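Peer 1: Remember, the numbering used here sits 143 above the position in the sequence shown when you count from 1. Each residue gets a CB set at the ideal place from its N, CA and C atoms; glycine is no exception. Since the model is a prediction, treat every value here as computed from it, not as a measurement. One structure, as structure tokens, below. Some questions next.
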Amino acid sequence: MNLLSFDIEEWYLYRQQPERHAEFDGYLDAILNKLDERQLKATFFCVGEMGRLFPEVIKKIHQRGHEIGCHSNIHTWLNKMTETECREDTHCAVDSLEQCIGEKVKSYRAPAFSIGEKNKWAFEILAENGIERDASIFPAARDFGGFPNFGQKTPCIVEYGGTRLKEFPVCTTQVMGKEMAYSGGGYFRFFPSGFVKKQMKNSSYSMCYFHIGDLVPENASVPSRKEYEAYYKEPGTLKARYVRYLKTNLGKKNAFPKMMRLIKDMDFVNLQQAEEAINWAAAPIVTL
Ligand SMILES: [Zn+2]
144 MNLLSFDIEE WYLYRQQPER HAEFDGYLDA ILNKLDERQL KATFFCVGEM
194 GRLFPEVIKK IHQRGHEIGC HSNIHTWLNK MTETECREDT HCAVDSLEQC
244 IGEKVKSYRA PAFSIGEKNK WAFEILAENG IERDASIFPA ARDFGGFPNF
294 GQKTPCIVEY GGTRLKEFPV CTTQVMGKEM AYSGGGYFRF FPSGFVKKQM
344 KNSSYSMCYF HIGDLVPENA SVPSRKEYEA YYKEPGTLKA RYVRYLKTNL
394 GKKNAFPKMM RLIKDMDFVN LQQAEEAINW AAAPIVTL
């Protein structure tokens, strides 16, 4: 089972640069047309403010039959929020998206998979807001967040306090002795297509995840200290800013056509379809 998901935030992040929106619309339309052609459905995790500021984008995705999930309200990483801030953010985001599409939102992905050991309480907040399916767990070591000891590589049930959610973790594989993701973000850009497809064919489960901004060349410069600190909320040393710049821009030149070929060659389902196909009574339970 291959899951296909997109995180939608660019229109909001570049709200001060409306001249870029036609470009994002163009990429989104190309994705939606390819999915129609292949009769595939994906989950689009959208930031809540998109529902208020760019409802036409969310409505268009929804009207084409895809699932709308939640991707926080303004793309602040959950590990940078207090519990109270996270509760407010999640409520605001889910409410905005539900108002926009007139339907319950049941799936969630934290920006940058930013739920880890230190903010597991986020799962309770998701459940309080009616979220049933989560795709925020990165089951390997990561420079922040992540669950290196998660132990499950396929859909499972996560239990925290009195809360249970159906979890669709990022899939990882062993590369030179290290567990690494391969099917989304910078990892997808880094690994050759053949490697990604081979891993997917050899696995019973894979989760592909893309941002439009991950796939298109931007020619952006290294962020200034001020820009970096405003966005990442941590000290913007020269090293930190260069590392982030390199990670963000690695392999972007051919990334969009590479992703479109993957959609052409492989079959996918969204989280909603996957949930129906899985026998949850037999799924492993992970207590966090
Ligand atoms: Zn995102």
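Give the single residue among Leu308, Tyr348, Tyr157 and Lys401 whose Cα lies nearest to the Cα of Val429.
Peer 2: Taking the sequence shown and counting its residues from 1, one reaches residue 429 at position 286. Comparing Cα positions, the closest option is Leu308.
Peer 1: Going by DSSP in three states, Lys247 sits in which element: helix, strand or coil?
Peer 2: Looking up residue 247 in the sequence shown gives position 104. Note: Lys247 maps to coil in three-state DSSP.
Peer 1: Let me check understanding here. Comparing Cα to Cα, which of Pro360, Gly245 and Glu377 lies closest to Ser367?
Peer 2: For the purposes of this step, residue 367 is identified with residue 224 of the sequence shown, where counting begins at 1. Measuring from the Cα of Ser367, the nearest candidate turns out to be Glu377.
Peer 1: Which residues mark the beginning and the end of the beta strand (DSSP E) in which Leu308 is found?
Peer 2: Taking the first residue of the sequence shown as position 1, residue 308 is located at position 165. Leu308 -> beta strand (DSSP E) spans Thr306 to Glu310.
Peer 1: Below 8 Å on the Cβ atoms is my contact criterion, and I expect Tyr303 with Lys263 to pass it. Report the Cβ-Cβ distance as a whole number of Å.
Peer 2: The residue given as residue 303 occupies position 160 in the sequence shown. The residue given as residue 263 occupies position 120 in the sequence shown. Contact holds; Cβ gap of about 5 Å.
Peer 1: Within its chain, find whatever has a CB closer than 8 Å to the CB of Phe353; leave out the 5 residues flanking it on each side and keep chain order.
Peer 2: Here residue 353 refers to the residue found at position 210 when the sequence shown is read from its first residue. Same-chain partners within the cutoff: Ser148, Phe149, Asp150, Gly327, Gly328, Phe331 and Met402.
Peer 1: Please go through the segment 159 to 208 and give each complete alpha helix (DSSP H) segment of 4 or more residues, from N-terminal end onward.
Peer 2: 164 to 181, 191 to 196 and 198 to 206
Peer 1: I'd like to confirm something about Asp168: is its beta-carbon nearer than 8 Å to some heavy atom of ligand 1, or not?
Peer 2: For the purposes of this step, residue 168 is taken as residue 25 along the sequence shown, with counting starting at 1. Outside the cutoff, so no.
Peer 1: Which term fits Ala165, buried or exposed, when burial requires 16 or more other beta carbons within 10 angstroms of its beta carbon?
Peer 2: Locating residue 165 in the sequence shown gives position 22, where the first residue counts as 1. Exposed: under 16 other Cβ atoms inside 10 Å.
Peer 1: Which residues have a Cβ closer than 7 Å to any heavy atom of ligand 1, listed in chain order?
Peer 2: Asp150, Glu152, His214, His218, Pro254, Ala255 and His354
Peer 1: Can you check DSSP and say which residues form a bridge with Met343?
Peer 2: Sequence index remark: in the sequence shown, residue 343 carries index 200 (1-based). Met343 is not bridged to any residue.
Peer 1: Answer with buried or exposed for Ser215, where buried requires no fewer than 16 other C-beta atoms within 10 angstroms of its C-beta.
Peer 2: Counting from one through the sequence shown, the residue named residue 215 turns up at place 72. Per the 10 Å Cβ criterion, buried.
Peer 1: With DSSP collapsed to three states, give me the class of Leu381.
Peer 2: Locating residue 381 in the sequence shown gives position 238, where the first residue counts as 1. The answer is helix: DSSP assigns Leu381 an H, G or I state.
Peer 1: Do Cys243 and Arg276 have their beta-carbon atoms positioned less than 9 Å apart in this structure?
Peer 2: Against the sequence shown, residue 276 aligns to sequence position 133. Against the sequence shown, residue 243 aligns to sequence position 100. It is not a contact, given that the beta carbons lie outside the stated cut-off.
Peer 1: For the structure I just gave you, are there three or more beta carbon pairs, one from the segment 177 to 184 and one from the segment 216 to 225, closer than 8 Å?
Peer 2: no
Peer 1: Less than 7 Å between C-beta atoms, sequence neighbours within five positions excluded: which residues of the same chain meet that for Ala185?
Peer 2: Counting from 1 along the sequence shown, the entry for residue 185 is found at position 42. The answer, listed in chain order, is Leu147, Ser148, Phe149, Leu178, His209, Phe411 and Asn413.
Peer 1: Hey, Ile258 and Asn222: beta-carbon distance below 9 Å or not?
Peer 2: In the sequence shown, counting from the first residue as 1, residue 258 sits at position 115. In the sequence shown, counting from the first residue as 1, residue 222 sits at position 79. Yes, these two residues count as a Cβ contact at 9 Å.
Peer 1: As a quick exercise: from Gln182, Glu192 and Asp172, pick the residue whose alpha carbon is nearest that of Tyr157.
Peer 2: As a position in the sequence shown, residue 157 is number 14, starting the count at 1. Nearest option by C-alpha distance: Glu192.
Peer 1: Which class does Thr389 belong to by DSSP, given the choice of helix, strand or coil?
Peer 2: Walking along the sequence shown from the start, residue 389 turns up at place 246. Per the sequence shown, residue 389 should be read as Leu rather than Thr. Looking at Leu389 - three-state DSSP - the assignment turns out to be helix.
Peer 1: By the 10 Å Cβ neighbour count, where 16 or more other Cβ atoms means buried, how is Val200 classified, buried or exposed?
Peer 2: Here residue 200 refers to the residue found at position 57 when the sequence shown is read from its first residue. Val200 should be labelled buried.
Peer 1: Using DSSP's beta-bridge definition, name the partner residues of Thr430.
Peer 2: Here residue 430 refers to the residue found at position 287 when the sequence shown is read from its first residue. Paired residue(s): Glu302.
Peer 1: Just checking His209 against ligand 2 - is the residue's beta carbon closer than 8 Å to any of the ligand's heavy atoms?
Peer 2: Although ligand 2 was asked about, the structure shown includes only ligand 1 as ligands.
Peer 1: Pull the bridge partners of Lys321 from the DSSP assignment, please.
Peer 2: Locating residue 321 in the sequence shown gives position 178, where the first residue counts as 1. Note: Lys321 sits in a beta bridge opposite Val318.
Peer 1: Which class does Ser239 belong to by DSSP, given the choice of helix, strand or coil?
Peer 2: Indexing the sequence shown from 1 puts residue 239 at position 96. Residue state, collapsed to three classes: helix.
Peer 1: Tyr352 bridges to which residues according to DSSP?
Peer 2: One-based indexing of the sequence shown puts residue 352 at position 209. When DSSP reads this structure, Tyr352 sits in a beta bridge with Ser148 and Gly327.
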